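To start, the structure itself, in structure tokens.
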Amino acid sequence: MGKEKQLEVKFDNPVAVFYSGNSITGKVCLDLSDSMKVQSIKVQLFGEAVVYASKKPGGLRIGYRRSAQRQVYIDESKCLFGDATSSGKYFVLPKGLREYPFSFETFSNLPSSFESSMGYVRFWCRASLQGRWKTLHSNKLPLTMVGILNLNNVPEAFVMQSASLNESFGFLRSLFSCASGGLMVTVNLNRGAFVPGERIIISAEVSNYSTRRIRSTEAYLQQNLGYVNKGAVSLYQGISKIGRIEKPAIEIGQFFINFEGVRSSVLNIPIIIGTVPREPNRETSVEQPSAPDSVVPSAPDIQQILGPPPSYEVCVGMDTADFGDDDNSTAEDDNIVSYRPLYPTYPSIISGA
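First residue of the sequence shown? That's 1 in full-length UniProt numbering, and the numbers climb one at a time after it.
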């Protein structure tokens with residue numbers, strides 16, 4: 001009918017951050033300047049992971065072809081008004097503003113949202129006005145999903161982590177002990193698991209018994225993300241200088257602290273980045289089960305977590321995504337939204353041993 005209309009999704013949570021296993025609630029707001037004939041009003045919750053890979057076409061040395069692999073985590077739709085079937089029955093909506101509440105239950109094992117040039121983990125809600133054969137109008141709204149990784153269930157969150165290295169320079173020197181010429185490095189971390197916003201306290205001892213000059217040493221935080229593409233395993237790395245932890249937990253949430261002195265001397269200490277902090281004054285870790293559970297545990301009640309509430313921040317260095325309507329919507333209906341995930345951070349927590 002060509003009427004002016006407005007359709008949008010609003011979450012009850014104003015920051016649009018949700019923990020896996022918890023409910024996503026909100027409402028679809030529709031404002032019509034005149035009456036309109038529709039078949040239904042629907043809302044969809046969708047989540048997927050997409051990984052991009054560059055391939056050489058044939059045996060050529062130049063030119064790459066980009067392909068994508070995807071996995072759908074959740075795809076659920078609900079009819080908020082009208083006929084959910086394709087029976088062809090129409091309803092006339094009068095002009096004015098109306099709201100339709102909705103609620104979705106999420107799985108407890110969903111990963112955290114993530115954006116990068118190599119791929120993404122992305123979740124969104126989409127409201128749509130449905131005609132008999134096509135979508136009359138639609139609008140998407142992105143959300144941030146936070147996977148549950150509770151540090152109270154991670155033994156590494158309660159014990160110090162350490163690593164050492166004895167490095168000899170050259171073939172002849174490797175035949176003798178380090179005391180006759182070489183490098184000894186010992187690195188200690190106050191703990192092996194953290195939440196975003198906490199400080200990682202690094203203590204390093206370097207003993208140089210060689211005649212080689214070591215100009216500097218450095219530590220950096222590195223996350224390795226792996227993906228499987230038709231049976232082949234590839235790996236890419238993202239490196240950031242040490243500081244506040246501002247990366248989300250992606251499933252296991254494992255990072256590496258690398259302590260590098262000379263070109264051939266690198267120490268790797270694995271750490272875990274979680275999303276639920278340790279309980280205050282807790283000093284002992286929980287016992288690990290003798291066998292893995294076959295049933296995925298339910299998500300914890302976030303409101304019952306002890307300690308200070310989190311703040312939500314954009315991840316530094318993460319790519320920005322542009323969300324718009326689907327290809328079947330008209331150009332004037334497009335509502336492009338620039339989006340970067342927001343993650344819970346705990347800057348008020350002081351990391352102890």
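Think of the CB as a built atom: it goes at the ideal place given N, C-alpha and C, for glycine as much as any other residue.
Quick caveat: nothing in here was measured; it's all calculated off a predicted structure.
A straight-line Cα-Cα distance of about 38 Å links I271 and V9.
Here the C-alpha atom of C79 lies approximately 30 Å from the C-alpha atom of E115. In this model, A204 and N224 are separated by some 23 Å (Cα to Cα). Within the model, the alpha-carbon separation for P94 versus I41 is close to 14 Å.
In the same chain as T25, and ignoring 5 residues on each side of it, the C-beta atoms closer than 6 Å to its own belong to D12, S103, in chain order. According to the DSSP assignment, C315 belongs to no beta strand (DSSP E), since it is labelled neither H nor E. Under the three-state reduction of DSSP, F158 is assigned to helix.
C-alpha of F46 to C-alpha of G192: approximately 34 Å in a straight line. Put simply, the backbone Cα of L110 is about 8 Å away from that of M145. The residue from E48, G197, F91, I269 with its alpha-carbon nearest to that of S35 is F91. Close CB contacts of V15 within its chain, under the 7 Å cut and outside five residues either way in sequence, are with Y312, L342 (chain order). Taking a 10 Å sphere around the C-beta of Q130, we find 16 or more other C-beta atoms and assign the residue as buried. Counting only unbroken stretches of 4 or more residues, no alpha helix (DSSP H) element lies wholly within the UniProt domain "Arrestin-like N-terminal" (8-152).
For the pair D83 and P196, the Cα-to-Cα distance works out to about 45 Å.
Rounded to the nearest angstrom, the Cβ distance from L183 to E167 is 4 Å, consistent with a contact under 8 Å. The straight-line gap separating the alpha-carbon atoms of I273 and S338 is approximately 26 Å. Comparing alpha-carbon positions, the option among D75, T85, V51, S77 lying closest to Q69 turns out to be V51. Between S20 and G147, the C-beta gap is smaller than 9 Å, which places the two residues in contact. Remark: C-beta atoms of R278 and F158 approach each other more closely than 9 Å.
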